[in-house]
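Protein chains: 2
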Amino acid sequence: MTLAEKAYVSLRKDIVEGCFAPESPLRLADLSERYGMGFSPLREALNRLQAERLVTAESLRGFRVSARSLAEFEDALHARLLVETEALRLAIARGDDGWEASIVAALYALRLQARRQGGDVDELKARHHAFHRSLLVACGSDWLMDFFERLYAATERYRIPALIAAGPQKRDIDAEHGAIADAVLARDTRRAEELLRDHYLRTAVTIRSGLAPA
Amino acid sequence: MTLAEKAYVSLRKDIVEGCFAPESPLRLADLSERYGMGFSPLREALNRLQAERLVTAESLRGFRVSARSLAEFEDALHARLLVETEALRLAIARGDDGWEASIVAALYALRLQARRQGGDVDELKARHHAFHRSLLVACGSDWLMDFFERLYAATERYRIPALIAAGPQKRDIDAEHGAIADAVLARDTRRAEELLRDHYLRTAVTIRSGLAPA
DNA sequence: AATTCCATTATTTTCGAAAATTACTATTGC
DNA sequence: GCAATAGTAATTTTCGAAAATAATGGAATT
Chain Y
332 MTLAEKAYVS LRKDIVEGCF APESPLRLAD LSERYGMGFS PLREALNRLQ
382 AERLVTAESL RGFRVSARSL AEFEDALHAR LLVETEALRL AIARGDDGWE
432 ASIVAALYAL RLQARRQGGD VDELKARHHA FHRSLLVACG SDWLMDFFER
482 LYAATERYRI PALIAAGPQK RDIDAEHGAI ADAVLARDTR RAEELLRDHY
532 LRTAVTIRSG LAPA
Chain V
332 MTLAEKAYVS LRKDIVEGCF APESPLRLAD LSERYGMGFS PLREALNRLQ
382 AERLVTAESL RGFRVSARSL AEFEDALHAR LLVETEALRL AIARGDDGWE
432 ASIVAALYAL RLQARRQGGD VDELKARHHA FHRSLLVACG SDWLMDFFER
482 LYAATERYRI PALIAAGPQK RDIDAEHGAI ADAVLARDTR RAEELLRDHY
532 LRTAVTIRSG LAPA
């Protein structure tokens, strides 16, 4: 893996996880020290992230972490529902046995990590992402999967801080995931779409309440 | 405008217009000579285009123009219909007088250029793009507009060569545009969606017939 | 003849410095 | 006191060379 690729992965993770505050400038000298590389690979990574809307660039004034706002979250949520319900419909129509098995496996792995007390939070996030991706991956559309990845990252920037702010959840998220998986495996398109939609709308409620005061 | 931005604009245009054959390698030395700049701004532009799926990169083997295939075209078309019908619905629901006026203006400008014999083809393409964008811009969703721009570029890579290959059109594209604009201005969501859909599906027929032999 | 190995060449990737631009600070003039 | 300004520092952007890696071609070996 080249340095530019490493820079892309690290920066993307750190931005999504909120290590850099929204709108804070991403100075090359700082990044160079933080990640231990020269300017060139960092600039390449920043350009990729710019195309993904995770960072913004202004001519001759460098790069900043993209702003967060309620409006942008609502927009991303709306786009996400559009993209994911369509991808889910296609996946249920097209998915084969291997796809079904991969959903079961992803859900199982997610639950293992969720129940492990004091487990690695990064690993939990990765498995959560993997589960949601597994539901859609059989849609067979590179474009929809690309949009899914973008929107997942965009909304994750809101979800993580909101979860921390909201404290203990009243929701049984594990059960929600289970119900979605059941509906998908039963090829019940309408029910799966509805459950996935509700799942995201419930998360949105938490995020909105955490975002309103800020 | 920085050199990297110029490189991005030029490269994007040249790739969409097919100046570089699909899958052909984009060698830095060649690009450096073609665009009259060093490697750094070119690499930054290529990284942005990679995030947009117009170029592909392989570690330590540089960049290539993304492949074209019937499957990818069908995928992009499908995603485009999903995104644009939703954006159109929102725009019709939300657009104000200024938006309506901008559609009338864009259509008028497009027709002027289309009827000008021997006019600048680049200008015609730009106005065609501007007209289609004007229909959607009132949707108020940055994400959907972002996806629109991506998918427009992706499908334009197929449309231009197909138009050349197909020769004189039997379609009255001008009338199709007019009908779409009329339906949108009448706020007839269902009809507007249907006409836009048909418009793209007709273009798709031409593209498929031009792509099948290749 | 086919294959492996090595040397050479071509190309990408990265760095460090130079150039260009912006941001900051202190000073001047009113 | 405050705006304009010149000078300085900080920062981004770009270049050219160096380092790293891949591709090529030819000789030696099986």
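Those sequence lines, one after another, are chains Y and V.
Position 210 of the first sequence, counting from 1, maps to 541 under this note's numbering, and the rest follow consecutively.
Position 169 of the second sequence, counting from 1, maps to 500 under this note's numbering, and the rest follow consecutively.
Note that the Cβ used here is the ideal one computed from N, Cα and C, for glycine as well.
This one's a predicted model, so the numbers in the text were calculated from it and none came from an experiment.
Is residue 473/Y close to chain V? Criterion is C-beta to C-beta, closer than 8 Å.
Against the first sequence, residue 473/Y aligns to sequence position 142. Residue 473/Y counts as touching chain V.
Against chain V: residues of the stretch 391-409 of chain Y by CB proximity under 8 Å:
For chain V, the residues of the stretch 391-409 of chain Y that bring a beta carbon within less than 8 Å of one of its beta carbons are 391, 403, 406, 407 and 409, in chain order.
Alpha helix (DSSP H) segment containing residue 351/V, residue limits:
Indexing the second sequence from 1 puts residue 351/V at position 20. It is not in any alpha helix (DSSP H) - residue 351/V carries neither H nor E in the DSSP assignment.
Between the stretch 387-407 of chain Y and the stretch 357-368 of chain Y, do three or more beta carbon pairs fall short of 8 Å?
When C-beta atoms of the stretch 387-407 of chain Y are compared with those of the stretch 357-368 of chain Y, three or more pairs fall below 8 Å, so the two segments count as touching.
Based on Cα-Cα distance, which residue from 506/Y, 369/Y, 492/Y and 473/Y lies nearest to residue 353/Y?
Numbered from 1 along the first sequence, position 22 holds the residue referred to as residue 353/Y. Among 506/Y, 369/Y, 492/Y and 473/Y, the Cα nearest to that of residue 353/Y belongs to 492/Y.
In chain order, what residues of the same chain have a beta carbon less than 7 Å from the beta carbon of residue 412/Y, not counting five sequence neighbours either side?
As a first step, residue 412/Y must be located in the first sequence, where it is residue number 81. Counting only residues of its own chain and dropping the five nearest sequence neighbours on each side, residue 412/Y has a CB closer than 7 Å to the CB of 528 and 531.
Extent of the continuous beta strand (DSSP E) run through residue 395/Y:
For the purposes of this step, residue 395/Y is taken as residue 64 along the first sequence, with counting starting at 1. Looking at the DSSP string, the run of the beta strand (DSSP E) that includes residue 395/Y is 393-396.
Of the choices 434/Y, 516/Y and 414/Y, whose alpha-carbon is the least far from that of residue 475/V?
Position 144 of the second sequence, counting from 1, holds the residue named residue 475/V. Minimum Cα distance to residue 475/V is reached at 414/Y.
In chain order, what residues of the same chain have a beta carbon less than 6 Å from the beta carbon of residue 461/Y, not counting five sequence neighbours either side?
What you label residue 461/Y is simply residue 130 of the first sequence in a count that begins at 1. If we look at residue 461/Y and ignore the five residues flanking it on each side, its Cβ neighbours are 437.
Within the stretch 378-462 of chain Y, ranges of the beta strand (DSSP E) (whole runs, at least 3 residues):
386-389 and 393-396
Just checking residue 339/Y against the ligand SAH - is the residue's beta carbon closer than 7 Å to any of the ligand's heavy atoms?
As far as ligands go, the structure on display features none, and thus does not contain the ligand SAH.
Between 379/V, 391/V and 384/V, which has its C-alpha nearest residue 388/Y's C-alpha?
Counting from one through the first sequence, the residue named residue 388/Y turns up at place 57. It is 379/V.
In whole angstroms, give me the CA-to-CA distance for residue 333/V and residue 371/V.
The residue given as residue 333/V occupies position 2 in the second sequence. The residue given as residue 371/V occupies position 40 in the second sequence. Using only the alpha carbons, I get a separation of about 12 Å.
Grouping DSSP H, G and I as helix and E and B as strand, with all else coil, what is residue 492/V?
As a first step, residue 492/V is located in the second sequence; it is residue number 161 there, counting from the start. Of the three classes helix, strand and coil, the one that applies to residue 492/V here is helix, per DSSP.
Sort out for me which residues DSSP pairs residue 356/V with in a bridge.
Here the question's residue 356/V lines up with position 25 in the second sequence. According to DSSP, residue 356/V bridges with 395/V.
For residue 401/V, which residues in the same chain have their Cβ closer than 6 Å to its Cβ, ignoring the five residues on either side in sequence?
For the purposes of this step, residue 401/V is taken as residue 70 along the second sequence, with counting starting at 1. The answer, listed in chain order, is 542.
Who are the Cβ neighbours of residue 468/Y in its own chain at under 6 Å, not counting the five residues just before and after it?
If you number the first sequence from 1, residue 468/Y lands on position 137. Hits under 6 Å: none found.
Taking the C-alpha atoms as reference points, what is the distance between residue 404/Y and residue 538/Y?
In the first sequence, the residue the question calls residue 404/Y occupies position 73. In the first sequence, the residue the question calls residue 538/Y occupies position 207. Cα-Cα distance, rounded: 9 Å.
Boundaries of the alpha helix (DSSP H) in which residue 547/Y is found, first to last residue:
Any answer about residue 547/Y is impossible in this case: the structure gives chain Y only from 332 up to 545.
Which stretch, first to last residue, makes up the alpha helix (DSSP H) that contains residue 536/Y?
By 1-based counting over the first sequence, the position of residue 536/Y is 205. Unbroken alpha helix (DSSP H) run through residue 536/Y: 520-542.
Tell me which same chain residues have a C-beta within less than 7 Å of the C-beta of residue 376/Y, skipping the five on either side of it?
Counting from one through the first sequence, the residue named residue 376/Y turns up at place 45. So the list reads 335, 338, 339 and 342, once near-sequence residues are dropped.
Under 8 Å from the C-beta of residue 368/V: neighbouring residues of chain Y
Position 37 of the second sequence, counting from 1, holds the residue named residue 368/V. In chain order: nothing, as chain Y lies at least about 14 Å away.
Mind listing the chain Y neighbours of residue 382/V? Cutoff is C-beta to C-beta under 7 Å, in chain order.
Within the second sequence, the letter at position 51 stands for residue 382/V. Neighbours of residue 382/V on chain Y, chain order: 379, 382 and 383.
Looking at C-beta atoms only, is the number of pairs between the stretch 418-427 of chain V and the stretch 511-522 of chain V that lie closer than 8 Å three or more?
yes
Taking the Cβ atom as the reference point for each residue, do residue 407/Y and residue 472/Y lie within a distance shorter than 8 Å?
Here residue 407/Y corresponds to residue number 76 of the first sequence, with the count starting at 1. Here residue 472/Y corresponds to residue number 141 of the first sequence, with the count starting at 1. Not closer than 8 Å, so no.
Test: residue 333/Y CB closer than 8 Å to a CB of chain V:
In the first sequence, residue 333/Y corresponds to position 2, counting from 1. Taking Cβ atoms only, chain V reaches closer than 8 Å to residue 333/Y, which makes this a yes.
Leaving out five residues before and five after residue 344/Y in sequence, what residues of the same chain have Cβ atoms less than 7 Å from its Cβ?
The residue you call residue 344/Y lines up with position 13 of the first sequence. Taken in chain order, the list of residues that qualify is empty.
Go through its chain and collect everything with a Cβ distance to residue 374/Y's Cβ below 8 Å, but skip five positions before and after it.
By 1-based counting over the first sequence, the position of residue 374/Y is 43. 359, listed in sequence order.
Determine the direct distance from the alpha carbon of residue 442/V to that of residue 479/V, and round the result to whole angstroms.
On the second sequence, residue 479/V is found 148 positions in, with the first residue counted as 1. On the second sequence, residue 442/V is found 111 positions in, with the first residue counted as 1. For residue 479/V and residue 442/V, the distance between alpha carbons rounds to 22 Å.
Residue 488/Y and residue 349/Y: beta carbons closer than 8 Å?
In the first sequence, counting from the first residue as 1, residue 488/Y sits at position 157. In the first sequence, counting from the first residue as 1, residue 349/Y sits at position 18. Going by C-beta atoms, residue 488/Y is nearer than 8 Å to residue 349/Y.
In this structure, how does DSSP classify residue 363/Y when only helix, strand and coil are distinguished?
One-based indexing of the first sequence puts residue 363/Y at position 32. Per DSSP, reduced to three states, the secondary structure at residue 363/Y is helical.
In angstroms with no decimal places, state the Cα-to-Cα distance between residue 465/Y and residue 481/Y.
The sequence position of residue 465/Y within the first sequence is 134, counting from 1. The sequence position of residue 481/Y within the first sequence is 150, counting from 1. Residue 465/Y and residue 481/Y: Cα-Cα distance of roughly 16 Å.
Just how far apart, CA to CA, sit residue 502/Y and residue 536/Y?
As a working mapping, residue 502/Y is identified with position 171 in the first sequence. As a working mapping, residue 536/Y is identified with position 205 in the first sequence. Rounded to the nearest angstrom, the two C-alpha atoms are 12 Å apart.
Taking 8 Å as the threshold (beta carbon to beta carbon), is residue 505/Y in contact with chain V?
As a first step, residue 505/Y is located in the first sequence; it is residue number 174 there, counting from the start. Against chain V, the CB of residue 505/Y has no partner CB under 8 Å away; the residue lies outside that interface.
Using a Cβ cut-off of 7 Å, pull out every chain Y residue sitting near residue 478/V, in sequence order please.
Working through the second sequence from its first residue, we reach residue 478/V at position 147. Residues of chain Y passing the Cβ test: 478.
For residue 409/V, which of 463/Y, 361/Y, 432/Y and 470/Y has the nearest alpha-carbon?
Stepping through the second sequence from its first residue, residue 409/V is reached at position 78. Per the C-alpha coordinates, the member of 463/Y, 361/Y, 432/Y and 470/Y positioned closest to residue 409/V is 470/Y.
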